[in-house]
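*Asks:* Here it is, the structure in full.
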Amino acid sequence: MGKVVATYTVRPARETPGGCRCVSDSDQVRALTHAPTFYFYPPVNVSLESATEILRHSLSEALVIFYPLAGRLHWIGGGRLELDCNALGALLIAVESEGKIDDYGDFRPTPEIRALIPSVDYDKPIDELPLLLVQLTKFSCGSMSLGLGISHTIADGLSALHFISEWAKIARGEQANSPPFLDRSVLLAPEHLTAPVFDHPEFGPQPLLIGKQDNMEERKRETTTLMLKLSKDQVEKLKDKANKDRSPSDNKRPYTRYEAIAGHIWRSACKARQHESQQPTLLSIIVDARNRMEPPLPPRYFGNGTFRVTAETTSGELVSNSLGFASGKARQAIEKATHEYLQSSLVYVKCQEDVTNFRNFHTVGCAKGAFYGNPNLEITSWARLPIYGADFGWGQEIYMGPGGIGYDGKVFVFPGQGQDGSFVVALRLQVRHVDAFQKFFYEDI
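With the working numbering applied, the sequence shown has no gaps in its numbers, which climb one by one up to 543 at the end.
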C-alpha cells in the first residue's frame with residue numbers, strides 16, 4: 099500500500115440540512131458495501147501535500163452540495179436502512195508509495211489495485227462507517243492514483259460520477275453548476291399499489307447447478323479477475339453476427355453493441371463452465387430507470403436509479419443456437435423494464451418483511467446475501483456513463499475502472515480509453531474456467 103502520510107475526516111464546509119431521511123425502495127436492496135473505483139494519472143508536477151490539500155478543501159465544498167455523502171446509515175428493522183444527514187464527514191487518506199504505475203500491468207482489479215482504495219471493516223456498526231472513502235496515492239514515478247469507495251446504498255454509478263464531476267470542477271477553481279436532486283421519495287413504491295402486478299424473478303432464488311441443494315460450494319471456489327479488450331472491429335463483428343440470422347420480417351431494431359456483447363459473454367461462460375445441456379442459467383442485467391419511469395426521474399437524480407432485470411434459459415439452448423438467440427434473450431430482459439414493471443418492482447420490495455437476502459456484497463467469498471455466480475451471470479454496463487474526465491487540476495486520467503469485482507460471474511462492460519469504439523470487459527470467474535472462457539471469448543468472434 100505504501101506509507102500513509104495523512105488521514106483526514108472531511109466535513110462539509112458549511113452547515114447543511116440535518117435529520118434522518120428515507121432511502122428509496124430501490125436503495126434498500128443495494129449492496130451494503132462501498133463500490134470501489136480508481137483513477138490513474140500520468141506523472142504530474144504537484145506534490146502529494148499540495149494535491150491532498152486541493153482534494154481536502156474542494157471535497158469540503160462538494161459535501162455542502164452532496165451532503166448525503168457526509169452522513170451515516172442506520173438500521174430501522176427488517177434489514178432496512180435510513181440516512182442520517184449528520185455531517186460526520188468523509189474519509190480522505192494520503193499515501194506515498196515506492197511503487198510505479200507500471201507495476202499494475204493492465205489495471206485489472208487485483209488485490210494490489212484494491213489496496214489503492216481505503217479498506218473498510220464491515221464488522222463495525224454501520225452507523226460508524228463513512229459513506230465516502232478517498233485515497234490519493236503518489237508513486238515514485240510521479241504518477242498518482244485516486245481510489246474511491248462510495249456507498250452503493252447511497253449512489254449508483256451515474257450518481258457517483260455526477261458527484262465526482264462536480265467535485266473536480268470545484269478542485270479546478272470552477273463553479274459547480276449541476277446540483278443534484280436529493281429527494282429519494284420519488285422512488286418509493288406508489289401508495290395506490292398494495293401488491294406487485296408482475297412476477298419478479300430478479301428477487302427469487304437463482305438457478306443452482308443441477309444436483310446441488312445450495313450455492314455454498316460455488317461461493318467458496320477460487321476466483322480471479324480478467325480484463326478482456328474488444329477492438330472496435332471486434333465489437334462490430336459481434337454486432338453483425340448477432341444480427342445475421344434475423345428474419346427479414348423482423349421489424350424490430352437491430353441488436354445493439356451491448357446486447358451483442360452481453361449475449362457473447364453469456365454464451366462464452368456457459369461453454370467454459372461445461373454445463374449439462376439442460377442446466378438452467380440466468381442472466382441479470384442492470385438497467386437505468388431514469389428515463390423509463392413516467393414521468394422520467396428528475397434530472398440529476400442522486401441515488402439508485404438502476405434496477406435488475408433477468409433472462410433465463412438453458413445452457414444447451416445458448417450454446418446450440420446462434421449469438422442472436424442469446425442477444426435476443428438479453429433484449430427481452432431489458433425491454434421488461436417498463437414504467438409499470440419498475441413500479442411493481444418497488445412494490446415487491448416494500449411488501450417484504452425483510453430485505454436482507456436481496457443484497458449482494460462487493461466482498462470476495464462472502465457467504466451472505468444474493469449470489470449471481472455459476473451457473474449465472476450479472477452484467478453492469480458503463481457504456482453510456484461519463485466515466486472519463488475527472489480532472490482535479492493536474493490533468494486528465496489515463497485510466498478509470500472498477501477497483502474490485504466481488505464475486506464469480508460479475509461482469510462490467512465499459513468503453514475503452516480514447517473514445518475509439520473499443521470496449522473493456524472486466525469480470526471475475528472461477529480459476530478453473532478462466533482459460534476456456536478466454537478461448538471461447540475470442541475464438542467465437
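We put the beta carbon where it would ideally sit given N, CA and C, even for glycine. Given the structure is predicted, the values throughout are model-derived calculations rather than measurements.
#1: Report back the beta-carbon spacing between Ser479 and Ser329 to the nearest angstrom; my notes put them in contact at under 8 Å.
#2: Using the beta-carbon count (16 or more within 10 Å), is Arg270 buried or exposed?
#3: Compare the C-alpha of Thr251 against each of Asn402, Arg388, Arg398 and name the closest.
#4: Less than 8 Å separating the beta-carbons of Val417 and Ile383?
#5: Taking the straight line between their C-alpha atoms, what separation do you get for Glu159 and Leu246?
#6: Over what stretch of residues does the beta strand (DSSP E) that includes Leu190 continue unbroken?
#7: Identify the residues that DSSP records as bridge partners of Thr107: which are they?
#8: Confirm, please, whether the CB-CB distance from Pro134 to Gly487 is below 8 Å.
#9: Measure from the alpha carbon of Leu230 to the alpha carbon of each residue in Val142, Thr131, Val532, Ala524, then state which is nearest.
#10: For Asn389, count the other beta carbons within 10 Å of its own beta carbon; 16 or more makes it buried, fewer makes it exposed. Which is it?
#11: Given a cut-off of 8 Å on the beta-carbon distance, is the pair Val144 and Arg112 in contact?
#12: Would you give the residue range spanned by the alpha helix (DSSP H) that Ile211 belongs to?
#13: Mind listing, in chain order, the continuous beta strand (DSSP E) runs of no fewer than 3 residues lying wholly within the region 459–503?
#14: Could you tell me which residues DSSP pairs with Ala133 in its beta bridges?
#15: Pairs of beta-carbons, one from the region 468–484 and one from the region 502–511, closer than 8 Å: are there three or more?
#16: Do you know how far the Cα of Arg365 is from the Cα of Arg319?
#17: So, at 6 Å on beta carbons, what are the nonlocal neighbours of Asn341 in its own chain, with the 5 sequence-adjacent residues on each side left out?
#18: Rounding to the nearest angstrom, what Cα-Cα distance links Val284 and Ala431 in this structure?
#19: How would you label Gln94, buried or exposed, when you count the other beta carbons within 10 angstroms and need 16 or more for buried?
#20: Return the CA-CA distance between Trp173 and Ala358, expressed in angstroms with no decimal places.
#21: When you compare only the Cα positions, how much space is there between Phe423 and Tyr446?
#22: Please report the distance separating the alpha-carbon of Phe138 from that of Gly100.
*Replies:* With the given structure in hand:
#1: As a working mapping, residue 479 is identified with position 381 in the sequence shown. As a working mapping, residue 329 is identified with position 231 in the sequence shown. Actually they do not touch by this definition, with Cβ atoms about 18 Å apart.
#2: Position 172 of the sequence shown, counting from 1, holds the residue named residue 270. When all chains shown are included, Arg270 counts as exposed.
#3: Position 153 of the sequence shown, counted from the first residue, corresponds to residue 251. Per the C-alpha coordinates, the member of Asn402, Arg388, Arg398 positioned closest to Thr251 is Asn402.
#4: Start at 1 with the first residue of the sequence shown, and residue 417 comes out as number 319. Start at 1 with the first residue of the sequence shown, and residue 383 comes out as number 285. Result no, Cβ atoms of Val417 and Ile383 do not sit closer than 8 Å.
#5: Here residue 159 refers to the residue found at position 61 when the sequence shown is read from its first residue. Here residue 246 refers to the residue found at position 148 when the sequence shown is read from its first residue. Rounded to whole angstroms, Glu159 to Leu246 spans 17 Å at the Cα level.
#6: Taking the first residue of the sequence shown as position 1, residue 190 is located at position 92. Per DSSP, Leu190 belongs to the beta strand (DSSP E) from 188–194.
#7: Taking the first residue of the sequence shown as 1, we reach residue 107 at position 9. Leu189.
#8: Locating residue 487 in the sequence shown gives position 389, where the first residue counts as 1. Locating residue 134 in the sequence shown gives position 36, where the first residue counts as 1. Against a cut-off of 8 Å, the Cβ pair of Pro134 and Gly487 comes out as no contact.
#9: On the sequence shown, residue 230 is found 132 positions in, with the first residue counted as 1. The shortest Cα separation from Leu230 among Val142, Thr131, Val532, Ala524 belongs to Thr131.
#10: Translated into positions along the sequence shown, residue 389 becomes position 291. Asn389 comes out exposed.
#11: By 1-based counting over the sequence shown, the position of residue 144 is 46. By 1-based counting over the sequence shown, the position of residue 112 is 14. Contact: no.
#12: The count along the sequence shown starts at 1 and reaches residue 211 at position 113. That run of the alpha helix (DSSP H) goes 209–212.
#13: 475–479, 497–500
#14: Residue 133 sits at position 35 when you count from the first residue of the sequence shown. Ile248.
#15: Verdict: yes, contact present.
#16: Taking the first residue of the sequence shown as 1, we reach residue 319 at position 221. Taking the first residue of the sequence shown as 1, we reach residue 365 at position 267. Taking the straight line joining both Cα atoms gives about 21 Å.
#17: Reading the sequence shown from its first residue, position 243 is the one you call residue 341. Pro352, Tyr353, listed in sequence order.
#18: In the sequence shown, counting from the first residue as 1, residue 284 sits at position 186. In the sequence shown, counting from the first residue as 1, residue 431 sits at position 333. Rounded to the nearest angstrom, the two C-alpha atoms are 24 Å apart.
#19: Since the first residue of the chain shown is 99 and the last is 543, residue 94 is not available in this structure.
#20: Walking along the sequence shown from the start, residue 173 turns up at place 75. Walking along the sequence shown from the start, residue 358 turns up at place 260. Near 41 Å, if we compare the C-alpha coordinates of Ala358 and Trp173.
#21: Here residue 423 refers to the residue found at position 325 of the sequence shown. Here residue 446 refers to the residue found at position 348 of the sequence shown. So the two alpha carbons sit approximately 30 Å from each other.
#22: Here residue 138 is taken as the residue at index 40 of the sequence shown, counted from 1. Here residue 100 is taken as the residue at index 2 of the sequence shown, counted from 1. Roughly 16 Å separates the two Cα atoms.
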